[in-house]
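Asks: The structure that follows is given in the form of structure tokens.
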Amino acid sequence: MHVLIATDGSKQSLAAAKYLKSFVDPTKVDSVTVVAVIRPLAAVPFANDLAGQEQESTTSFRAAADGALAEIASTFDGWGPTVQRKIRSGSPANEILKLAKQLEAGLVVVASGSRGISDTVMLGSTAQRVQQYAPCPVLVVRPSPRRRGVKA
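Sequence positions in the sequence shown follow my numbering and run 2 to 153.
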């Protein structure tokens with residue numbers, strides 16, 4: 002089985018990759034592809050929250066995406082299956098869906114709510130579209146609920 006993991010550079014997308022690894026038998030996975038999608042006309046750059054230090058404002062979208070891919074891919078070091086990294090350009094949901102079809106993926110992993118503006122949003126728009134139109138099962142990993150009165 003080929004597993005496709007999407008990252009938007011958020012800590013939640015890293016948590017989704019780790020969650021997958023926590024319960025999937027690596028002998029059942031042939032390969033893993035980690036994908037980051039850059040929006041070419043975005044007003045805000047690809048945000049890599051996974052970088053060890055603050056990103057400089059001169060960092061390109063592609064460099065930030067590549068850093069996020071490297072961080073997610075390193076999660077699978079020594080796990081078993083080969084890991085490929087891909088950067089696509091366009092609408093995140095569309096590019097994830099196209100790549101899932103091209104790779105004949107057996108599973109797509111996406112984080113939900115990682116870039117949402119409200120904790121009340123149940124499912125991010127990218128995750129929702131991928132879940133609805135994917136050619137295979139989709140694992141949507143939601144953030145852990147925050148306890149009221151406790152600051153993160």
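C-beta: ideal position from N, C-alpha, C; glycine also.
Nothing here was measured: the structure is a model prediction, and the numbers come from that model.
1) Since residue 29 is in the beta strand (DSSP E), which residue starts that stretch and which ends it?
2) Using the beta-carbon count (16 or more within 10 Å), is residue 113 buried or exposed?
3) Out of 128, 98, 40 and 78, which one is the CA nearest neighbour of residue 32?
4) Can you name the start and end residues of the beta strand (DSSP E) that residue 76 belongs to?
5) Can you say whether residue 13 is buried or exposed, counting buried as having 16 or more other CB atoms within 10 angstroms of its CB?
6) Between which two residues does the beta strand (DSSP E) harbouring residue 86 extend?
7) In chain order, what residues of the same chain lie with their CB nearer than 6 angstroms to the CB of residue 86, ignoring the 5 residues before and after it?
8) Is residue 56 helix, strand or coil when you go by DSSP?
9) Can you look up residue 69 in the DSSP assignment and give me helix, strand or coil?
10) Look up residue 108 in the DSSP assignment and give the residues it is bridged to.
11) Is the separation between the beta-carbon of residue 97 and that of residue 142 shorter than 8 angstroms?
12) Go to residue 128, then tell me how far its alpha helix (DSSP H) extends in each direction, as first and last residue.
13) Who are the near neighbours of residue 19 in its chain, counting only those whose CB is closer than 8 angstroms to its CB and skipping five residues on each side?
14) Expressed to the nearest angstrom, what Euclidean distance is found between the alpha-carbon atoms of residue 7 and residue 23?
Replies: The answer reads as follows:
1) One-based indexing of the sequence shown puts residue 29 at position 28. Unbroken run through residue 29: none, as it is neither H nor E.
2) Numbered from its first residue, the sequence shown carries residue 113 at position 112. Residue 113 comes out buried.
3) Numbered from its first residue, the sequence shown carries residue 32 at position 31. Residue 32 has its Cα closest to that of 78, out of 128, 98, 40 and 78.
4) Stepping through the sequence shown from its first residue, residue 76 is reached at position 75. Looking at the DSSP string, residue 76 is not in any beta strand (DSSP E), and its letter there is neither H nor E.
5) On the sequence shown, position 12 is the one that residue 13 refers to. Classification for residue 13: buried.
6) The count along the sequence shown starts at 1 and reaches residue 86 at position 85. Residues 83–90.
7) Along the sequence shown, read from residue 1 onward, the residue named residue 86 stands at position 85. Result list for residue 86: 35, 70 and 74, in chain order.
8) Numbered from its first residue, the sequence shown carries residue 56 at position 55. Because the pLDDT at residue 56 is just 47, under 50, the model does not fix this residue reliably, and the point stays unresolved.
9) Within the sequence shown, the letter at position 68 stands for residue 69. Residue 69 falls in the helix class under three-state DSSP.
10) For the purposes of this step, residue 108 is taken as residue 107 along the sequence shown, with counting starting at 1. Residue 108 pairs with 4.
11) Taking the first residue of the sequence shown as 1, we reach residue 97 at position 96. Taking the first residue of the sequence shown as 1, we reach residue 142 at position 141. No, the pair does not count as a contact, with Cβ atoms beyond the cut-off.
12) Looking up residue 128 in the sequence shown gives position 127. Note, residue 128: alpha helix (DSSP H), 126–134.
13) Reading the sequence shown from its first residue, position 18 is the one you call residue 19. The answer, listed in chain order, is 76.
14) By one-based count along the sequence shown, residue 7 stands at place 6. By one-based count along the sequence shown, residue 23 stands at place 22. Rounded to the nearest angstrom, the two C-alpha atoms are 17 angstroms apart.
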